[in-house]
Structures are given as C-alpha cells and as structure tokens.
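Residue numbers (the numbering used here), protein chains in the order written: chain A, 48 to 404; chain B, 48 to 404; chain C, 48 to 404; chain D, 48 to 404. All C-beta atoms in this analysis are idealised placements derived from N, C-alpha and C, irrespective of residue type, glycine included. For clarity, every value in this text was computed on a predicted model and none was experimentally measured.
1. So residue 361 (chain B) contacts chain A; which residues on that side make the cut at Cβ distance below 8 Å?
2. Beta carbons nearer than 9 Å to chain C: which residues of the stretch 250-276 of chain A have them?
3. First and last residue of the beta strand (DSSP E) that includes residue 342 (chain A)?
4. Per DSSP, what kind of secondary structure is residue 249 (chain B) in: helix, strand or coil?
5. Assuming residue 231 (chain C) contacts residue 70 (chain C) (C-beta within less than 8 Å), just tell me the rounded distance between them.
6. Compare the C-alpha of residue 316 (chain D) against each of D:261, D:111, D:346 and name the closest.
7. Out of B:229, B:119, B:154, B:128, which one is the CA nearest neighbour of residue 30 (chain B)?
8. In terms of DSSP beta bridges, what is residue 329 (chain C) paired with?
9. Could you pull out every residue in the same chain whose Cβ sits closer than 8 Å to the Cβ of residue 265 (chain D), ignoring the five residues on either side in sequence?
10. Give me the chain C residues within the contact set of residue 149 (chain D), using Cβ-Cβ distance strictly less than 7 Å, ordered along the chain.
11. Assuming residue 67 (chain D) and residue 130 (chain D) make a contact with CB atoms under 8 Å, what is their CB distance in whole Å?
12. Under the rule that 16 or more other beta-carbon atoms within 10 Å means buried, what is residue 321 (chain A), buried or exposed?
13. Which of helix, strand or coil does DSSP assign to residue 100 (chain B)?
14. Just tell me which of C:281, C:53, C:199 has its CA closest to the CA of residue 259 (chain C).
15. Mind listing the chain A neighbours of residue 373 (chain D)? Cutoff is C-beta to C-beta under 7 Å, in chain order.
16. If we ignore side chains and look at the alpha-carbon of each, how far apart do residue 222 (chain C) and residue 107 (chain C) end up?
17. Is there at least one Cβ from chain B nearer than 8 Å to residue 162 (chain C)'s Cβ?
18. Buried or exposed: which applies to residue 84 (chain B), given that a residue is buried once 16 or more other Cβ atoms fall within 10 Å of its Cβ?
19. Can you pull out the residues from the stretch 290-306 of chain B whose beta carbon lies closer than 7 Å to at least one beta carbon of chain A?
20. Applying a beta-carbon distance threshold of less than 7 Å, which residues of chain A neighbour residue 71 (chain D)?
21. So if DSSP puts residue 128 (chain B) in a beta bridge, which residue, or which two residues, is it bridged to?
22. Hey, does residue 237 (chain D) have any beta-carbon neighbour from chain C nearer than 8 Å?
23. So, does the CB of residue 206 (chain A) fall closer than 8 Å to a CB anywhere in chain B?
24. Does DSSP put residue 204 (chain B) in a helix, in a strand, or in coil?
25. For residue 403 (chain C), go through chain E and note every residue whose CB falls closer than 8 Å to its CB, in chain order.
26. Exposed or buried, residue 360 (chain D), counting other C-beta atoms within 10 Å across all chains shown (16 or more means buried)?
27. At a CB distance below 9 Å, what residues from the stretch 185-210 of chain C approach chain A? Give them in sequence order.
28. Output needed for residue 104 (chain C): all residues of its chain with C-beta closer than 8 Å, excluding positions within five of it in sequence on either side, in chain order.
29. Alpha carbon to alpha carbon, what distance is there between residue 177 (chain C) and residue 76 (chain C)?
30. For residue 389 (chain B), which of B:378, B:302, B:277 has the nearest alpha-carbon?
31. Report yes or no: do the stretch 224-239 of chain B and the stretch 290-308 of chain B share at least 3 C-beta pairs separated by less than 8 Å?
32. May I ask you to list, following chain order, the residues of the stretch 339-354 of chain D that have a beta carbon less than 7 Å from some beta carbon of chain C?
33. Helix, strand or coil for residue 359 (chain C) per DSSP?
34. For the putative contact between residue 354 (chain D) and residue 149 (chain D), defined by C-beta atoms under 8 Å, what is the C-beta separation to the nearest angstrom?
35. What is the residue span of the beta strand (DSSP E) that residue 285 (chain B) lies within?
36. Taking DSSP's pairing of strands, which residues face residue 392 (chain B) in a bridge?
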C-alpha cells in the first residue's frame with residue numbers, strides 16, 4: 048500500500064520525527080547515469096525555509112543513497128535512499144499528544160490503527176513527500192532520454208489567479224520568483240496574498256498547473272490505467288490535494304461536443320490536433336500533444352489561530368498551536384507535482400516497450 | 048492493466064463488437080447471497096435506449112454468471128460473468144475503418160498497438176463499463192452488510208446546474224426522472240438541454256455528484272492509496288471523465304485555513320465534525336462523515352455533425368457519422384459512478400480487516 | 048489470487064461442473080498472429096479420454112475466444128476465452144455432497160470458505176488447468192519468436208524410471224506413445240504399470256521432466272523472482288505436484304562444490320559452460336544453456352477402492368467411489384507442465400525488455 | 048521484483064559491499080509489540096563467524112529500525128530497517144573484476160544488466176538474506192499470536208543423512224550443536240563432513256527440513272497460490288537452493304494412491320488425518336496437520352581451489368580465490384528457511400481474514 052507504480056515502483060517509508068524519510072525504487076533500468084545535483088536541486092525546491100513565504104523550519108534534506116547505484120550508474124537493482132531527520136523538536140508535540148487537531152489525520156489514524164506516532168503528524172506529515180521528490184527526480188532523468196520534460200507552476204493562490212493559458216507563458220521563468228508563478232506581475236500579488244495569510248497566522252490554498260512536453264503518442268492504458276487516471280491518482284495522493292482536472296477540465300463540460308472535439312490535421316510534423324481540449328490524452332492514451340492538468344490544494348490545516356476541537360477522551364477543548372507554520376504550501380508543492388507526474392510517465396514509458404511484438 | 052482493485056479485484060474483458068463484455072471478480076469473500084435482480088437493475092440503469100434522452104440503440108444487457116456462484120451464493124472463487132453482444136451492426140463501421148475520428152481513441156490506439164478493432168470503438172467503447180456495473184453491483188451488496196450506501200446523481204448538464212448542496216436534496220427522488228437529478232425542476236431544464244443537443248445532432252457534458260453514507264472511520268491508506276485518491280483514480284478511468292474533486296474541491300481552495308478546517312465536536316453519536324469541507328476524508332482516511340465528490344464528464348465525441356479530420360494515410364477528410372448517438376451520457380453514467388465507488392469502498396472495507404493485530 | 052504472472056498474466060475462472068472453465072490473458076502484446084490449431088492441439092493432449100490409459104470421460108474441450116483477438120491477431124487488449132462444460136453428470140456427486148474424500152480438497156475448502164461446490168471437486172478440480180493450457184499455448188507462440196522451445200515428457204511412473212539424461216534422448220519421439228515418454232522401451236513398461244493400477248482401481252504417480260531450449264542469457268530476476276523460483280512456483284501450483292528440482296537437483300547436493308561448479312569455456316558460439324549442473328540458471332538468471340527441471344506428481348487421490356473417511360458431521364464412514372477414474376495423470380499433465388513453463392518464460396521474456404536503458 | 052508477499056510484503060535492498068542491506072515491510076498490522084532481541088537472535092543464527100564450521104568473516108549484523116515502530120510497537124506504517132555493512136574489504140575483489148567465476152551470477156548479471164557491482168557478488172550475494180531474516184523474525188512474532196511455530200533443521204550434509212522422520216526427533220535440540228541437526232550423533236558426522244570440505248578448500252551441500260506446527264485448517268489459495276506453491280517459491284528464492292518437496296515429496300510418487308491417501312478420522316481434537324503424506328496441505332490449503340517440507344542446497348560455488356573459467360573478454364583463465372570461504376551454508380541457512388516460511392504463513396494468515404463475509 049506504500050508502493051506507487053507498476054514497473055518503475057517507489058515504496059516509501061518514514062515519519063516526520065523518526066529516524067528519517069526514504070524509499071526503495073524498484074524497476075529502474077540499469078545503466079542510467081545519475082546526476083545527484085539535479086536530485087538535490089529538486090529537494091531544495093521542496094525544502095522548508097527556502098524563502099520568506101514558506102515555513103521557517105530549517106531542514107537540510109540531503110539525500111543519501113544506500114544501494115542500487117555503483118560508480119554513479121543505476122544497476123537495475125533496488126535503489127534505496129534516505130533523508131535523515133535532524134533537529135526534530137519532537138517535544139514540541141507533547142501537548143498535542145492526545146488532541147485531534149481539526150482537519151488533520153490525528154483522529155482518522157487513531158481510528159484506523161488504534162495507535163499513532165503523534166510527533167509532527169508521524170506518517171501523515173507532508174515530509175513524507177521527500178521520498179517522492181527523490182524518486183521523481185530520477186524518473187525525470189530517465190524521461191529526458193525519451194524527450195519528455197515536465198514543468199509545474201503555481202496558477203492560483205486563494206483568489207489570485209494567473210488568467211492566461213499556459214501556452215502564452217514563458218515557463219522557464221517559473222523559478223524566477225519565490226512563489227513559482229511564471230508571470231512576474233501575478234507572482235507579486237500571490238506573494239502579497241501569502242504574506243497576508245502568514246501575518247494572520249492563517250493559511251491559503253490554490254492551484255498548481257503542470258505541463259508535460261514531448262510525450263509521444265501511445266502511452267497509457269485503455270481501461271483503468273488511463274494516463275490521466277494514473278496522473279489523477281498520483282496528484283490526489285499528495286497531501287492537501289482536493290481536486291484534479293486535465294485538458295478542458297470542469298469548464299470544458301459546459302461546451303458542446305462540436306466545440307470540444309479536437310480536429311485532427313496533417314502537418315509537416317505528422318498528425319496533430321488543431322485544438323487541445325483533450326489535454327494530450329484521448330481514450331486514456333497520449334496523442335503526442337502537450338499534456339496539461341490542474342491540481343487543487345486546500346489551505347493546509349496547520350495554523351496558529353485558536354481553534355476548538357476534542358481530545359481522545361472526547362473532551363471539547365481549545366488549542367492555539369505555537370511555533371512555525373507554512374502559510375501556503377503551493378510553492379513547495381511544485382516539485383512534488385512534477386515528481387509524481389514523472390513517476391507516472393516513467394511507468395508508462397517502460398510499459399510502452401511491451402505494447403506490441 | 049485491465050484489473051481494478053487490490054483485494055476485491057475486477058479484471059474486465061471485451062470489445063463493443065466482439066463476442067461480449069465481461070469480467071472476473073477475484074477476492075469476493077465466500078458466503079455472500081447475491082440478489083441477481085439488483086445487479087440487473089443497475090445494468091438497466093446503464094442500458095442504452097432506456098429513455099428518449101439516451102441513445103436509441105437497443106441492448107438487452109442480460110448478465111450471465113459463468114463461475115464462482117453456487118446456489119446463489121459466492122464461493123470465494125473467481126466470479127466470471129459475461130454480457131453477450133447482440134445485434135451489433137458491425138458493418139456500419141466499415142467506412143470509418145481507416146478514419147481517425149476527432150477526440151476518439153482511434154488514433155491513439157493505432158499509435159499504441161499498431162492495430163485496432165475499429166468496430167464501434169473496440170475496447171475503447173463505453174460499452175466496456177458494463178463489466179464495472181456488474182462488479183460494482185456485487186460490491187454494493189457486500190457493502191450493505193457494512194452499512195454503506197452509495198448514491199450518485201446528475202448535478203449539472205451543460206450550464207444547467209443544480210445549485211443546492213446535496214444535504215438539502217432528497218436523494219431518493221433521483222430515479223424519479225430520466226435524467227437522474229433529484230430536483231424535479233432542475234431535471235426538467237436538464238432534459239430540455241439534452242433534447243436541444245440531440246436535435247442539434249450534438250452532445251452536451253456535465254457533472255455527476257456522488258454521496259456515500261455509512262462509511263465508518265478508518266478506511267483508506269495513509270500515503271498513495273488515500274481513499275480519495277482511489278476514488279479519483281476510479282472515476283478518471285470512466286470514459287469521458289475530465290475531472291474529479293471531493294469535499295470542498297476546487298472552490299474550497301479559495302478559503303483560508305481557519306474557514307476550511309472542520310472543527311471536531313463531541314456528540315451523542317461520538318466524535319463528529321461540525322462542517323464537512325473534508326468530504327468525509329482526512330489524511331486519506333474516512334472520518335465517519337458523509338463522503339461526497341464530483342465527477343466532470345466532457346460532451347462525448349460521437350456526434351452526427353460534419354467534422355474535419357484525417358485518415359490513417361494522413362489525408363484530410365470530412366466525415367458526417369450516421370446512425371444513433373447519445374446526446375448526453377450523464378444519466379447512464381450515474382450507475383457507473385456508483386459502481387466504481389462501490390469497488391473502491393469494497394476494497395477498503397476488506398483492507399480495513401488487516402489494520403491491526 | 049487467481050492470477051498468474053507479472054506482465055503476461057492469466058486470471059483463470061471456473062469449476063468442473065459450472066458453466067465452463069476459462070480465463071483472461073492480460074499483457075499479451077499486440078500483433079501476434081495466433082494459430083488456433085496449435086492451441087487446440089495442446090488441449091487435446093490434456094483432454095480426458097485420449098487413450099486407454101487415461102480417464103474415459105469424454106470432453107471435447109473446444110476453446111472459444113471471447114475478446115482480444117481480431118482477424119486472428121492479438122490486439123493488446125485482454126484475451127478472454129472459455130471452454131464450456133458439457134455432459135457433466137453432476138448428480139453423480141450427490142452422494143459425496145457431505146463427504147470429505149481422503150486427500151482431496153473437500154475438507155480444506157469447507158474449512159476455508161464455509162461453503163463449497165461439491166460437484167466434481169468444484170474449483171479444486173484439475174479441469175481448471177484447461178485455462179492454463181490455453182494461455183500457455185499462446186505464450187509458446189510468442190516464445191517461438193524469441194527462439195524458445197519447451198518440451199516435457201514423462202520420466203518416471205511409479206518405480207519405472209527412464210534412466211537416461213535428457214541429452215541422450217530424442218525428445219521429438221515424446222508424442223509417439225500414449226504415455227509421452229521419448230524412450231519406446233521404457234514407455235512400454237510405464238503403460239503396463241498404469242494398466243496394472245487401472246485394473247486395481249488404484250492410481251500411480253511419477254515424475255515429469257521438462258527442457259527449455261533457446262532461452263537467451265539474462266532472463267530472471269536476482270532475488271525473489273529467480274527464474275527457477277518462478278518455475279517452481281508454477282509447477283507446484285499444478286494439481287497433485289509434490290516436488291520440484293532443477294539442474295542437478297536433490298542429487299546434486301551430494302557433490303562437492305568443485306565437482307558441481309560448471310566451468311565457463313569460450314566457444315565459437317560464445318561463452319558456454321562445460322557441464323550444466325546449474326540447469327541453465329545461475330544466480331536466478333538464465334545463462335544461455337538448456338534449462339531443465341523435474342516435477343513430482345503424487346498418485347492422485349481419486350480411486351475406486353473402498354476407503355474410510357468422515358463426513359461433514361464427523362461421522363466415520365466408508366466410501367467406494369463409482370464411475371471412471373484416471374489411473375495416472377502424468378501423460379495428460381505433460382502439456383500442463385509445458386504451459387506453465389511457457390507462462391513463466393513469457394513473463395521473463397517481456398520483463399527482459401526493461402532491464403536496461 | 049524485489050518484493051515478496053501479497054499482504055505482508057518485504058521489499059529488500061542492498062549489495063554486499065554497498066552502504067548496507069535492508070528492506071521495507073509493508074502490510075504488517077499495527078499494534079504488534081516487537082521483541083527486538085528475538086530478531087537479533089535470528090540474525091546471529093545467520094551471522095558469519097558464529098562457529099568453526101562457517102566462514103570466519105566477522106559481521107556484527109546489528110539491525111537498525113528506521114520507521115514504522117514507535118515505542119516498540121508496529122504502527123501499521125512501513126517498517127524500514129537496515130543492517131549497515133562494515134569492514135567490507137572491497138579491494139579484495141579487484142582482481143575478480145573482469146572474471147566470470149564458475150557457477151556464480153557474475154556472467155548472468157552482466158548479460159542481464161550490461162553492468163554489475165563486482166564487489167563481493169553485489170546484489171547476488173547471500174548477504175541479502177539478512178533482510179529476509181529480519182522480516183521473517185517479525186512475521187514469526189505475529190504468527191505466535193495465531194499459534195504457529197516454525198522450526199527448521201539440517202537433515203543432510205553431503206551423504207550424511209539424518210534417517211529419522213521429524214516426528215521421532217526432539218526439535219528443541221536443534222540449536223544444541225553448531226550444525227543445527229537435532230540428532231547429536233548425526234550432528235557429529237555432519238560437522239566432520241564439513242570440516243573435511245573446509246580442509247579441502249571445497250564446499251558441501253545438503254538438505255534442510257522445516258516443520259510448521261499450529262497452522263489451522265483453511266490457509267492457502269486454491270489455484271496458483273497454493274500454500275505449498277508459495278512455500279516452494281519462497282525456498283527456491285534462497286541462494287543455492289536447487290529443489291523443494293513437501294509431505295511425501297519425490298519418494299511418495301512411488302506409492303499407489305491407496306497407500307498415499309491420508310484417511311480422515313474423527314478425534315477428540317476434531318477431524319484429523321491418520322497419516323500425513325499430504326504434509327498438512329490438501330488442494331493447496333492447510334488441513335490442520337503439521338506442515339513439513341525439504342529444501343535442497345547445492346554446494347556453494349565459492350571455493351578456494353584452482354578453477355578454470357573465462358573473463359569478460361572471453362579469455363580462458365585460471366583462478367584460485369583467496370581469503371575465507373564458507374564450506375557449508377546449511378547451518379546458517381536454517382534461520383533463512385524459517386524466515387521465508389514465516390513470511391509465507393504471515394501472508395496467508397492475513398489473507399485468511401478475507402475468506403468469507
């Protein structure tokens with residue numbers, strides 16, 4: 048249940064206040080020369096404390112590889128890795144030991160397992176996504192060989208929306224600002240919105256858009272494992288995600304079929320579609336156009352305001368969490384979205400080698 | 048890849064114009080007394096030709112069980128079943144043999160497999176969902192024993208929206224009208240909207256909402272197989288689905304955390320939440336509240352208007368499909384949404400027996 | 048649990064006295080032109096009533112394909128098939144309804160499921176292996192393209208042993224006699240042994256040897272899914288199998304390492320081994336030599352002699368089963384062994400495409 | 048491919064000369080209080096250097112848990128663990144870098160992956176079984192709650208055989224001697240045999256017998272995942288294993304059915320069988336009797352005598368490996384056999400909770 052993928056498979060482990068977070072990647076082909084710096088770079092994009100609009104916790108998040116890589120090259124054997132936890136301040140959580148924080152997983156974990164590691168959310172902590180970023184960064188390096196690149200960016204924070212289709216944006220500017228929005232003007236407003244939430248000891252949600260370029264036609268499975276179903280599954284598995292849509296999405300359902308259909312045309316680059324309401328996927332299989340989708344993130348539950356709740360003895364109580372909080376997870380979630388997308392594409396890239404005899 | 052589920056698993060088979068559609072359900076516990084009429088009833092809700100607003104194709108869609116059921120009871124062994132195809136008019140498709148219809152899977156299947164059964168969409172036909180409805184109907188019967196009921200309904204057709212939260216609706220009225228909207232007034236408007244599309248030889252999309260009641264706290268997995276991720280995966284695997292959201296969904300991302308958090312309260316029914324922005328799922332695990340989600344369906348691609356496209360020799364051509372079409376799949380998709388939800392809940396019901404020692 | 052294989056996967060269904068036996072093959076690549084006659088030929092080799100030394104039940108065992116094959120070619124989609132049961136004489140089993148026959152699965156099924164289809168063994172009947180023979184016959188056709196051929200034969204019946212290494216036999220003579228032993232003289236003795244058992248209303252066991260030629264070096268996984276572990280799993284899943292050994296097997300454990308090691312030599316066909324105690328597999332991975340193994344079949348439990356046992360109310364009783372019985376399953380098990388081996392090799396053939404980048 | 052089990056699943060990682068060996072156990076229920084000393088004890092039984100008849104390498108093999116255990120109790124979340132490699136003398140292997148040692152995995156790994164970590168066998172090293180011993184030791188602790196105990200012992204070394212059925216042995220004496228044979232007299236002879244091999248710089252193989260007591264009736268799956276098929280798969284996945292048989296095994300195939308069948312009787316402990324040729328498993332499912340099986344280990348390939356072979360440039364060469372070698376792996380393999388059996392039983396114990404509604 049803690050394994051993601053069919054062929055290129057990540058099994059993740061770890062709690063936020065245990066020994067560390069890590070995973071095993073099984074099914075990565077042999078012979079891939081890894082650029083560790085690129086992996087570390089994605090970890091830094093996810094890292095707390097990277098800018099004034101994220102949580103100020105300091106976590107170096109240095110990955111250590113434990114197996115499967117020899118002289119810098121993947122061996123075809125399981126790639127285990129860990130990011131050791133440091134400076135965890137577990138005692139900060141002692142007073143929350145018996146409390147079910149609103150909209151956290153405290154209550155549901157206790158109901159499921161009858162026990163829980165209360166320190167910092169335990170397994171439900173978003174810190175677990177580190178494992179996904181590492182695996183995704185390796186998947187990205189494999190995908191480069193297939194000509195695939197993946198770029199996510201923040202397209203809405205609260206009500207502040209980037210009102211341009213991605214095709215009119217220069218996605219290479221995404222990393223130019225701390226909120227990871229490729230439009231400088233909108234980025235300013237987003238940052239202001241996050242700072243307001245921060246000052247208010249509150250949180251704010253939003254939307255991340257992701258675009259994959261270079262996926263050839265023919266990836267995806269016809270029935271259950273449609274390419275977008277696997278992408279949606281991957282995204283909905285990220286902490287705080289509440290929705291997923293691809294191509295024309297929810298809005299497109301208002302169009303008529305004759306407006307929505309993407310007409311095929313013959314170009315000097317082969318068969319293409321004139322429009323791309325399909326989001327690059329038809330019948331669950333890539334058609335060679337850009338694949339794009341949106342992911343909705345709720346405002347995360349950890350805030351520093353007074354809140355009512357109950358404890359494990361069903362007493363109604365009031366809590367006012369102290370410490371540092373993350374007013375908006377979206378900037379840090381950008382590499383996580385990319386990583387999960389990369390894992391999905393890596394799987395279908397490998398599966399595509401088995402399509403025909 | 049044609050298997051859905053971890054424990055309660057459906058493997059589906061069949062093409063729209065082959066011998067039939069069917070599947071094998073593996074992992075259904077022994078001793079479940081099946082009510083075949085209830086299964087057949089869901090098939091009838093999915094069946095073409097059931098009302099003036101669906102396609103007028105006539106398919107009886109009678110299920111035959113081939114194994115795993117003895118004297119009306121499941122045996123713990125694989126339950127195989129088939130719905131035999133009849134009256135398929137495969138020759139109607141001869142002229143489309145070499146054509147890539149816009150926004151269909153014709154092109155992508157050919158790119159993936161290098162071959163395809165062109166008759167009626169082959170494996171990509173929505174007729175395959177029959178297998179899911181049968182398996183879902185069995186899952187529903189098992190879930191009744193766990194106190195779980197699932198009800199889906201059409202909440203938007205094109206721009207015609209049912210603007211009430213589900214809590215203000217009487218969901219038992221859903222089957223009272225042919226569009227499966229529990230609000231009679233809105234249903235009228237939706238029917239009119241579909242009839243307009245039909246007359247225009249066009250199609251219209253929309254949204255289905257689904258509510259599951261009685262799911263106890265503790266179902267779902269913490270990391271990848273979060274309950275809502277499995278639900279989203281299930282829904283996105285249904286033909287024509289473009290988006291999924293649960294609880295507060297995309298809209299909820301505009302709230303601040305303090306508005307969005309669901310405060311726990313102590314009631315005479317135990318610990319509950321005051322609001323339900325979480326949609327009954329926290330940290331990927333059910334919390335005992337109603338689970339609700341929305342599924343976006345695009346206007347389907349099969350329409351009877353003239354359209355430009357290319358054929359497999361890359362010639363640009365014009366097609367005007369003949370015959371019968373389905374102006375809006377939403378009414379018939381309601382039992383499919385319920386079936387897929389039932390498969391997900393059946394899986395997590397069984398998994399929940401393994402949570403603790 | 049009723050699925051075999053990782054990539055090339057067979058899910059089987061059916062009971063001996065239900066509607067039929069069949070399965071779904073998922074993961075067979077598109078574009079394989081099937082020779083249905085070859086499939087039917089293997090079914091005939093498994094069929095009861097084929098000679099005087101097998102059970103005289105008459106089952107035509109004609110396969111019907113339900114999906115996944117179009118114009119004789121695999122489509123990459125699930126291949127469903129069935130062999131319909133005929134002339135089942137289910138009432139013959141009425142008097143055994145409450146009886147736990149010695150060394151049958153009657154008792155254990157009841158303990159596991161709390162219910163069972165008592166007619167002809169239900170799911171535990173060896174008739175289920177029909178599904179495997181069909182899937183294996185398709186796997187064989189795919190393997191031909193990889194240069195792999197698989198040949199099994201009966202090497203012992205009771206105490207009557209074929210005392211020659213397979214390398215000294217002409218395996219093409221296997222089908223020349225009804226016991227499927229490539230040595231004519233030994234075959235005579237085996238047939239006599241089976242006829243004696245038959246006359247005595249008893250059964251006799253023995254050993255099947257299987258040889259796979261043409262498996263290239265590099266198939267198999269290093270740790271759990273070693274090629275021989277997958278072969279052993281496949282064989283031990285066949286009804287009545289009690290043991291498996293490959294290469295030098297149990298006898299080889301008496302040698303010293305210096306006697307047992309297979310020395311590498313350089314030949315004009317590349318690197319080869321001088322001896323083949325390894326049975327073509329080293330470290331779980333094929334080395335390019337012949338792969339050979341042995342499978343032990345117990346004398347099957349169904350016999351026509353008087354026997355003591357208990358019924359489901361724990362009464363001690365005496366039964367004397369009537370009707371036809373199979374004095375020795377080995378001749379009919381030869382194609383089953385080949386089929387299961389083919390499924391394993393098909394899986395590793397496909398997996399081998401994912402080894403390196 | 049590096050994952051073992053369906054529900055209680057071990058994914059292992061590590062090479063003999065990398066950072067360490069370890070794994071992730073997923074699917075272990077919450078609430079199991081772990082006795083770490085018992086885990087460590089099994090590691091010590093597997094450890095090199097434990098007696099004069101094993102290799103003299105010194106490896107402390109101390110397990111460190113990285114996640115999933117909190118205050119000594121399993122949390123239902125993934126249990127990651129590692130045994131760090133120490134004192135690896137990797138340079139000892141430099142001269143073997145380009146050599147394909149006879150009957151090792153050097154050649155096959157290179158053929159499969161096109162690359163290999165040559166140091167100490169890399170992933171093919173038996174050192175990987177440490178991960179299995181840890182996971183198996185946890186499985187054992189869970190099985191104790193189900194009343195199951197597992198005991199393996201050495202029953203043959205070379206030609207030195209323990210010629211008594213296990214029912215006449217006092218298995219509690221197994222750990223009394225360094226060869227792990229419960230019969231003191233035979234143990235002496237086995238030790239002498241191993242010492243002779245050691246002096247000769249050679250190796251010797253043999254057989255391990257394993258007995259599981261207390262497995263209730265009803266564990267195992269009817270078709271592919273028969274209980275003995277899963278056991279066989281588990282055993283054949285252990286390094287150096289060449290064969291597996293259960294119950295009457297290969298010898299039993301010489302009996303007639305009327306001799307071989309186990310008659311059911313009614314006792315004050317319920318329904319039992321008079322004999323146990325079935326080895327406690329009928330139709331793939333446990334029947335409540337003792338489960339017993341035998342595992343054949345070849346003499347391992349690493350020996351210190353001069354041998355001919357080829358290198359990766361196909362040059363025929365002569366090697367005389369230096370250092371320490373393990374003349375007989377059987378004593379150290381006893382806990383590995385038990386661990387793998389425990390993993391199989393743990394899986395079926397959990398699966399058995401899903402049998403009926």
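Looking at the atomic coordinates:
1. Within the second chain, residue 361 (chain B) is the residue found at index 314, counting from 1. Simply 313, 317, 318.
2. 269, 270
3. Taking the first residue of the first chain as position 1, residue 342 (chain A) is located at position 295. Note, residue 342 (chain A): beta strand (DSSP E), 338-344.
4. One-based indexing of the second chain puts residue 249 (chain B) at position 202. For residue 249 (chain B), the secondary structure class from DSSP, reduced to helix, strand or coil, is coil.
5. One-based indexing of the third chain puts residue 231 (chain C) at position 184. One-based indexing of the third chain puts residue 70 (chain C) at position 23. Incorrect: roughly 36 Å between the Cβ atoms, too far for contact.
6. Residue 316 (chain D) sits at position 269 when you count from the first residue of the fourth chain. Closest by alpha carbon: D:261.
7. No answer is possible for residue 30 (chain B): it lies beyond the span of chain B, which begins at 48 and ends at 404.
8. Residue numbering aside, residue 329 (chain C) sits at position 282 when the third chain is read from its first letter. Beta-bridge pairing links residue 329 (chain C) to C:332.
9. The residue labelled residue 265 (chain D) in the question sits at position 218 within the fourth chain. If we look at residue 265 (chain D) and ignore the five residues flanking it on each side, its Cβ neighbours are 332, 333, 399, 402.
10. Numbered from its first residue, the fourth chain carries residue 149 (chain D) at position 102. 308, 309, 310, 311, listed in chain order.
11. The residue labelled residue 67 (chain D) in the question sits at position 20 within the fourth chain. The residue labelled residue 130 (chain D) in the question sits at position 83 within the fourth chain. Indeed, because the Cβ distance is near 6 Å, the residues count as touching under 8 Å.
12. Taking the first chain and counting its residues from 1, one reaches residue 321 (chain A) at position 274. It is exposed - the Cβ of residue 321 (chain A) has fewer than 16 other Cβ atoms within 10 Å.
13. Along the second chain, read from residue 1 onward, the residue named residue 100 (chain B) stands at position 53. DSSP places residue 100 (chain B) in coil when its eight states are reduced to three.
14. Here residue 259 (chain C) refers to the residue found at position 212 of the third chain. Closest by alpha carbon: C:199.
15. In the fourth chain, residue 373 (chain D) corresponds to position 326, counting from 1. By Cβ distance, chain A contributes nothing, its closest Cβ being about 23 Å from residue 373 (chain D), past 7 Å.
16. Taking the third chain and counting its residues from 1, one reaches residue 222 (chain C) at position 175. Taking the third chain and counting its residues from 1, one reaches residue 107 (chain C) at position 60. Between residue 222 (chain C) and residue 107 (chain C), the C-alpha separation is close to 20 Å.
17. As a first step, residue 162 (chain C) is located in the third chain; it is residue number 115 there, counting from the start. Yes, residue 162 (chain C) counts as interfacial toward chain B.
18. Translated into positions along the second chain, residue 84 (chain B) becomes position 37. Under this definition residue 84 (chain B) is an exposed residue.
19. 290, 291, 292, 293, 294, 295, 296, 297, 299, 300, 301, 302, 303, 304, 305
20. Taking the fourth chain and counting its residues from 1, one reaches residue 71 (chain D) at position 24. Those within 7 Å of residue 71 (chain D) in chain A are 58, 60, 71.
21. For the purposes of this step, residue 128 (chain B) is taken as residue 81 along the second chain, with counting starting at 1. In the DSSP assignment, the residues bridged to residue 128 (chain B) are B:70, B:112.
22. Translated into the one-based positions of the fourth chain, residue 237 (chain D) becomes position 190. It does not: the Cβ of residue 237 (chain D) has no partner Cβ on chain C nearer than 8 Å.
23. Locating residue 206 (chain A) in the first chain gives position 159, counting from the first residue. Yes - at least one Cβ of chain B is within 8 Å of the one on residue 206 (chain A).
24. Here residue 204 (chain B) corresponds to residue number 157 of the second chain, with the count starting at 1. Residue 204 (chain B) falls in the strand class under three-state DSSP.
25. Any reference to chain E falls outside this structure, whose protein chains are A, B, C and D.
26. As a working note, residue 360 (chain D) is residue 313 in the fourth chain. Residue 360 (chain D) is exposed by the Cβ-count criterion.
27. The residues in question are 189, 192.
28. Sequence index remark: in the third chain, residue 104 (chain C) carries index 57 (1-based). Closer than 8 Å at the Cβ level, and outside the excluded window around residue 104 (chain C), lie 95, 96, 371.
29. If you number the third chain from 1, residue 76 (chain C) lands on position 29. If you number the third chain from 1, residue 177 (chain C) lands on position 130. Their Cα atoms are separated by approximately 22 Å.
30. Taking the second chain and counting its residues from 1, the one referred to as residue 389 (chain B) is at position 342. Checking every option, the nearest Cα to that of residue 389 (chain B) belongs to B:277.
31. no
32. 343, 344, 345, 346, 347, 348, 350, 352, 354
33. The count along the third chain starts at 1 and reaches residue 359 (chain C) at position 312. Residue 359 (chain C): coil per DSSP, three-state reduction.
34. Locating residue 354 (chain D) in the fourth chain gives position 307, where the first residue counts as 1. Locating residue 149 (chain D) in the fourth chain gives position 102, where the first residue counts as 1. Confirmed, about 5 Å.
35. The sequence position of residue 285 (chain B) within the second chain is 238, counting from 1. First-last for residue 285 (chain B): undefined, no H or E at that position.
36. Within the second chain, the letter at position 345 stands for residue 392 (chain B). According to DSSP, residue 392 (chain B) bridges with nothing at all.
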